[in-house]
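In what follows, a single structure is set out as structure tokens and then discussed.
Numbering (the working numbering), first residue to last: 2 to 138.
Structure, rendered in structure tokens:
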């Protein structure tokens with residue numbers, strides 16, 4: 002990532018990704034708005050996605066898009082020196098080889114974050130594909 006974060010901030014980010022709104026709001030208000038807005042971007046909030054892109058955090062937006070299966074975003078991460086984020090994006094998009102690569106490189110914290118992102122994205126996909134939630138038009 003372009004910015005280095007203390008471990009406790011990354012742990013808070015992971016909890017925010019998993020749904021802890023208090024920690025998400027803490028990130029937003031304590032100097033880490035990009036991490037808090039990433040959580041909103043994961044949930045397809047357009048204004049959060051625009052903010053990440055326009056305010057100097059394209060690597061976080063590429064992580065989000067890569068986790069959604071956008072191969073160009075993963076390639077962009079790689080070509081800009083963000084190999085760990087590229088593997089996180091792939092791992093979050095259910096690529097177990099990318100997860101193994103993170104673990105092999107002793108990037109356990111990043112692997113854990115990728116699993117949390119995977120859980121959110123898979124949950125969104127399941128709800129999207131659940132015919133019980135389709136409109137009866």
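Even for Gly, the Cβ is constructed at its ideal location relative to N, Cα and C.
Going by DSSP, residue 72 is part of the alpha helix (DSSP H) stretching over 72 to 80. If you draw a straight line from the Cα of residue 16 to the Cα of residue 126, it is about 20 Å long.
Within 10 angstroms of the beta-carbon of residue 114 lie 16 or more other beta-carbons, which makes it buried. Taking each of 109, 45, 19, 105 in turn and checking the Cα distance to residue 117, the smallest one comes out for 19.
Restricting attention to alpha helix (DSSP H) runs no shorter than 4 residues, the stretch 16 to 47 encloses them at 22 to 30, 34 to 43, ordered along the chain.
In the displayed model, residue 88 falls within a helix according to three-state DSSP.
Sixteen is the threshold: since fewer than 16 other Cβ atoms of the shown chains lie within 10 Å of the Cβ of residue 26, the residue is exposed.
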